[in-house]
Amino acid sequence: MNEVILVIGACGQIGTELTQKLRTIYGNENVIASDIKEGNAELMSSGTFEFVDATSKESVLNIIEKHKVTQVYLMAAMLSATAEKHPIKGWDLNMNSLLIVLELAKDKYINKVFWPSSIATFGATSPKIDTPQKTIMEPLTVYGISKVSGELWCNYYHEKYGVDVRSIRYPGIISWKTKPGGGTTDYAVDIYFKAIEEKKYECFLSEDTMLPMMYMNDAINATIQLMQADESKIKQRMAYNLAAMSFTPKEVALSIKEHIPDFEITYNPDFRQAIADTWPKIIDDTEARNDWGWEHKFDLSLMTKEMLKNISENNK
Ligand code: SER
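Counting in the working numbering, the sequence shown runs from 90 upward without gaps.
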C-alpha cells in the first residue's frame, strides 16, 4: 500500500527533522507537513505544507481527506515548563489533539498513528534509577498528566477498537536544526549554542541533576523503526521506555570543555529544577530493545562532537 503521511506539528524541534527523514524514505510528495506556523526553508521547499489546527477535528480531517492520508504522526504538544504556566491550555492542546486523531483512526480515515509520550509520565514516587516500563506513574506536572492520560487513551483505543497507535516515552531530545521550546531538558540544547557563541552558559538546573537524554538522530530512527515494525512485535500499547544516555549539566559541560577548554558554566536553578527533581535519572528500555530491536548509536562524547561541529558550520 502506498502510504501518505501527515506530520502534525511538523515545524517543532522533532517534527522538522522527522518530516525530512520521512520524505527521504516515503518520497517528498507522500509526506505532508502541517503546523499552525511555517517552518524552516528546507521543510517548506521540500514538499507540501498545510496550516492545521491540531485542536480542530474539522481542520485535521480536511487535510486527511484532501491528501488521502494513511498515517499520522502527531507531534504538536505543549512541553513541561510552558504547560506549568498555562495548565488548562496545555491540557487542551495535548489531550484534544490526541483524541481527535484517535477518533479518526477508529473511524478508519487513517490506519496508523504515532504519538509521543515522555519521561515526564513518571513522578516523584517512581523509581529514579532503571525506571521500569511498568511502575508507579504519578506525574506532578500538567505535561506529565497529559502524557500518562494520553498513553491510557492510546491503550484504550487499541484494546477497544483495534487502533494501531504506537508510542515512545522520549527522554530529553538534543538537536541543532530546530531548537526546542518550553521544556525542562532544553538546557542540554542551549548549552551547546552558548558554548559556541559565548563560551559560557548559565544553567537553570543544578550541576548534579541527572536526566535521561538522546541525540535527535537516534530519536528519529527509533520513531520510524517503531512505526515500521511488524505489528506482532508491538507488545506495548502504552508507550515504550526508550533510553540512550543519562548525564548531569556538570558532565555535559566537561564534555564540551574537551573541545572548548575555556568554556565556563554557572548554575542558577529556577522553577524547572522542581520539575526535573521528579523525573527519572536512568530509564530501563529493555522491552523496546527486545520487542522491536531498538539500539542507540550516540553517547555523550559522540553527540558533543556532532553538536559542536554542526552548530559551528551552521553559524558560518
Ligand atoms: N523534553 C520534555 C520537556 O522537557 C520532556 O519530554 O518538557
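Beta carbons are placed, not taken as given, at the ideal position from N, Cα and C, and that holds for glycine.
For residue 335 against residue 300, the beta-carbon gap comes to about 7 Å, under 8 Å, which counts as contact. In this chain, the alpha helix (DSSP H) harbouring residue 305 covers 305 to 317. Around the beta-carbon of residue 214, fewer than 16 other beta-carbon atoms lie within 10 Å, marking it exposed. Membership of residue 347 in any beta strand (DSSP E) is not indicated, and neither H nor E is assigned to it by DSSP.
In this structure residue 325 is buried. Its beta-carbon is surrounded by 16 or more other beta-carbon atoms within 10 angstroms. Residues of the same chain with a CB within less than 7 Å of the CB of residue 242, apart from the 5 flanking positions on each side, are 187, 188, 191 in chain order. Straight-line measurement puts the Cα of residue 395 at about 17 Å from the Cα of residue 350. A straight line joining the alpha-carbon of residue 267 with that of residue 197 spans about 33 Å.
Here the C-alpha atom of residue 97 lies approximately 15 Å from the C-alpha atom of residue 157. With contacts defined as CB atoms closer than 8 Å, residue 365 and residue 294 qualify as a contacting pair. If you draw a straight line from the Cα of residue 95 to the Cα of residue 114, it is about 14 Å long. Using a C-beta cut-off of 8 Å, the stretch 345 to 363 makes contact with the stretch 285 to 293, since at least three inter-stretch Cβ pairs fall below that distance. Using a 10 angstroms sphere on the CB of residue 321, the tally of other CB atoms stays under 16, which defines it as exposed. In the structure shown, residue 255 falls within a strand segment according to DSSP collapsed to helix, strand and coil. Short of 8 Å from the beta carbon of residue 210, and not among the five residues preceding or following it, lie these beta carbons of its own chain, in chain order: 226, 228, 233, 236, 237, 240, 258, 328.
Across the structure, residue 286 and residue 341 are spaced so that their CA atoms are roughly 17 Å apart.
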